[in-house]
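K.L.:
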Amino acid sequence: MLKDKLYSLIHFPYEEKYRDQLELGMVSLNYKSERVIAYVMLVMQLFLILVFTLRPGSIFYSFRRLRYVIAYAVMALGLLVLLSLHRRAKNNWRLHFKLCAAFGILLSLWVCSISYLDALGDLSIVVYCSFLPMMAAFLILPPYILSILFIFTCILTNILVLRTPYGQENVFSTLVNSIFICLLSIVYSYRMYQARLTGIYDKIVIDQKNLELQAANEKLDLLSMTDTLTALGNRRYLEESVKTPLEKYGIHMGSLAVLLLDIDFFKQYNDRYGHQQGDVCLKAVASVLSSCAEDENFHAVRYGGEEFILVTTGISSEAIMEKAEQIRTSIASAKIPIPHGGDTSVTVSVGISFHGEWKPGLLETAILEADRALYQAKQNGRNRSVLFAEKS
Numbered sequence: 001m002l003k004d005k006l007y008s009l010i011h012f013p014y015e016e017k018y019r020d021q022l023e024l025g026m027v028s029l030n031y032k033s034e035r036v037i038a039y040v041m042l043v044m045q046l047f048l049i050l051v052f053t054l055r056p057g058s059i060f061y062s063f064r065r066l067r068y069v070i071a072y073a074v075m076a077l078g079l080l081v082l083l084s085l086h087r088r089a090k091n092n093w094r095l096h097f098k099l100c101a102a103f104g105i106l107l108s109l110w111v112c113s114i115s116y117l118d119a120l121g122d123l124s125i126v127v128y129c130s131f132l133p134m135m136a137a138f139l140i141l142p143p144y145i146l147s148i149l150f151i152f153t154c155i156l157t158n159i160l161v162l163r164t165p166y167g168q169e170n171v172f173s174t175l176v177n178s179i180f181i182c183l184l185s186i187v188y189s190y191r192m193y194q195a196r197l198t199g200i201y202d203k204i205v206i207d208q209k210n211l212e213l214q215a216a217n218e219k220l221d222l223l224s225m226t227d228t229l230t231a232l233g234n235r236r237y238l239e240e241s242v243k244t245p246l247e248k249y250g251i252h253m254g255s256l257a258v259l260l261l262d263i264d265f266f267k268q269y270n271d272r273y274g275h276q277q278g279d280v281c282l283k284a285v286a287s288v289l290s291s292c293a294e295d296e297n298f299h300a301v302r303y304g305g306e307e308f309i310l311v312t313t314g315i316s317s318e319a320i321m322e323k324a325e326q327i328r329t330s331i332a333s334a335k336i337p338i339p340h341g342g343d344t345s346v347t348v349s350v351g352i353s354f355h356g357e358w359k360p361g362l363l364e365t366a367i368l369e370a371d372r373a374l375y376q377a378k379q380n381g382r383n384r385s386v387l388f389a390e391k392s
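Read left to right, the sequence shown gives residues 1 to 392 (full-length UniProt numbering).
1) Buried or exposed: G304, going by 16 or more other Cβ atoms within 10 Å of its Cβ?
2) Give me the residue from M75, Q277, A300 with the minimum Cα distance to V288.
3) Report yes or no: do three or more beta-carbon pairs, one from the segment 251 to 270 and one from the segment 357 to 365, lie closer than 8 Å?
4) Considering only the beta carbon of each residue, do S349 and A377 sit closer than 7 Å?
5) Starting from H299 and walking both ways along the beta strand (DSSP E), at which residues does that stretch end?
6) Tell me, please, whether the segment 122 to 140 touches the segment 103 to 111 by the rule of three or more beta-carbon pairs shorter than 8 Å.
7) Let me know if L146 comes out buried or exposed under the rule of 16 or more other beta-carbons within 10 Å of its beta-carbon.
8) Among the candidates L261, V285, L54, whose CA atom is the shortest distance from the CA of A231?
9) So Y190 and P143 are in contact, right, with Cβ under 8 Å, and what is the actual spacing, rounded?
10) With H, G and I counted as helix, E and B as strand and the rest as coil, what does DSSP make of T228?
11) With DSSP as the reference, label A332 as helix, strand or coil.
12) Using 10 angstroms around the beta-carbon of N217, count the other beta-carbons present and answer buried if the total reaches 16, otherwise exposed.
13) Considering only C-alpha positions, which residue in the set L149, V161, E357, G274 is nearest to E247?
14) Which term fits D262, buried or exposed, when burial requires 16 or more other beta carbons within 10 angstroms of its beta carbon?
15) How close, in whole Å, do the beta carbons of L80 and A89 come, if the pair is a contact with beta carbons under 8 Å?
16) In this structure, what does DSSP give as the bridge partners for W355?
17) Please check the pair I309 and L238, which I expect to be a contact at CB under 8 Å, by giving their CB distance rounded to whole angstroms.
18) Span of the alpha helix (DSSP H) holding S241?
19) How many Å lie between L183 and L222 at the Cα?
20) Leaving out five residues before and five after Y31 in sequence, what residues of the same chain have Cβ atoms less than 6 Å from its Cβ?
21) Grouping DSSP H, G and I as helix and E and B as strand, with all else coil, what is G381?
22) Short of 8 Å in beta carbon distance, which residues of its chain neighbour M225, apart from the five on each side in sequence? Order them along the chain.
23) Can you check whether the C-beta of Y144 is within less than 7 Å of a C-beta belonging to chain B?
24) Can you give me the start and stop residues for the beta strand (DSSP E) that F152 sits inside?
25) Quick one: any contact between the segment 110 to 130 and the segment 158 to 170, if contact means 3 or more CB pairs under 8 Å?
26) Along the alpha helix (DSSP H) that carries E34, what are the first and last residues, could you check?
27) L117 lies in the alpha helix (DSSP H); which residues open and close that run?
28) Here's the rule: buried if 16 or more other CB atoms are within 10 angstroms of the residue's CB, otherwise exposed. What is Q45?
29) Could you pull out every residue in the same chain whose Cβ sits closer than 7 Å to the Cβ of H355, ignoring the five residues on either side in sequence?
30) When burial is assigned at 16 or more other CB atoms within 10 Å of the CB, is F103 buried or exposed?
31) K243: buried (16+ other C-beta within 10 angstroms of its C-beta) or exposed?
32) What is the DSSP secondary structure of D202, counted as helix, strand or coil?
33) If we ignore side chains and look at the alpha-carbon of each, how far apart do R64 and F52 end up?
34) Given a cut-off of 7 Å, decide if S185 and T157 are closer than it, judged by their beta-carbon atoms.
35) Here's a check: name, in chain order, each residue in its chain whose Cβ is nearer than 8 Å to the Cβ of G314, leaving out the five neighbours to either side.
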């Protein structure tokens with residue numbers, strides 16, 4: 001367990017395939033807050049420079065005061081440079097990483113400098129104790145890099161502070177406080193880094209699972225609206241993907257045409273060749289229907305048994321008659337053998353219903369009309385197309 005914890009401090013703790021998404025997620029998560037913190041620090045540096053300038057004696061009152069102002073000015077200048085580059089890092093993890101590292105080094109040196117100058121005035125290392133946990137909280141760097149940075153800051157701060165009279169008088173408290181804050185910051189940085197990564201990782205995985213679930217549901221929906229034998233739409237498809245949209249938007253689609261097809265002598269075909277061969281016949285007919293309809297605004301549906309429906313909108317009566325004949329002759333030319341003599345291929349009879357203008361409930365009416373026209377086609381000898389008329 002300890003070995004795994006130490007390993008995660010140095011190495012990327014999740015699968016490599018998620019690295020890019022996690023890194024960009026980390027940048028996006030903290031981009032705005034980083035800019036806010038940087039601007040607050042910039043304003044703070046400028047304010048302190050102004051305060052020291054307005055104090056009696058100005059910035060040249062003492063060498064210590066001048067060094068304070070220099071430290072503030074260097075930090076302000078560094079922040080301006082980093083802020084100008086930070087805009088380019090919004091979608092660039094590598095640049096963002098380099099800027100965070102540069103800011104961490106700059107802030108560490110600033111903390112060491114201010115802590116040293118405070119100690120010269122017999123002040124405690126309050127800046128060190130305040131800023132190390134803050135760095136752990138908002139710097140997006142791997143824990144091992146922050147650990148190195150904190151240890152470096154702790155050592156350099158102690159070296160500088162212990163050279164001052166205050167540091168020599170308070171060796172024990174300075175060492176204990178600085179080491180404790182350093183260790184606390186290391187642990188806190190690890191926890192913050194893991195918490196950020198885990199939150200983003202969980203969101204990525206959940207989003208991925210949701211996409212997979214959505215795809216699976218869409219596939220199930222498609223399967224539930226697909227006839228398993230012919231791969232055409234089924235009754236549910238006719239209801240949900242044809243009828244429902246027509247009821248909502250049919251008024252904008254112009255005309256409506258319905259073709260109802262029935263395979264001639266299919267019962268005899270099944271009796272002679274068996275149901276397996278009957279299935280082959282159904283698939284062959286469905287394939288012709290699918291190919292005839294795929295490049296046009298046709299919905300092809302297996303209506304039941306050996307019956308098929310094609311529905312379309314925005315077409316003329318002449319064009320739908322031509323399409324019906326094209327489908328009928330295409331099936332006849334497929335040369336599917338039939339059980340009785342005379343003909344040499346399976347044929348279909350086609351009933352057609354055409355309405356030049358949409359009105360609510362028209363699809364059910366058109367299907368009934370196409371069924372009556374289909375009956376008339378069979379009565380007239382089969383293997384023909386008949387357009388519904390009131391006398392059909």
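We put the CB at the ideal spot given by N, CA and C, even for glycine.
P.N.:
Once the coordinates are examined:
1) exposed
2) A300
3) yes
4) yes
5) 298 to 304
6) yes
7) buried
8) V285
9) 4 Å
10) coil
11) helix
12) exposed
13) E357
14) buried
15) With 8 Å as the limit, L80 and A89 do not qualify as a contact, their Cβ atoms being about 15 Å apart.
16) First, the residue type needs correcting, since residue 355 is His and not Trp in the sequence shown. DSSP lists L256 as partners of H355.
17) 7 Å
18) Premise fails: S241 is in no alpha helix (DSSP H) and is neither H nor E.
19) 58 Å
20) K90
21) coil
22) G233, N234, R236, Y237, E240, S241
23) In the structure shown, chain B does not exist; there is a single protein chain.
24) Unbroken run through F152 is the alpha helix (DSSP H), 143 to 161; no beta strand (DSSP E).
25) yes
26) 19 to 54
27) 93 to 120
28) buried
29) S255, L256, L362, A366
30) buried
31) buried
32) helix
33) 11 Å
34) no
35) M253, G254, S255, N297
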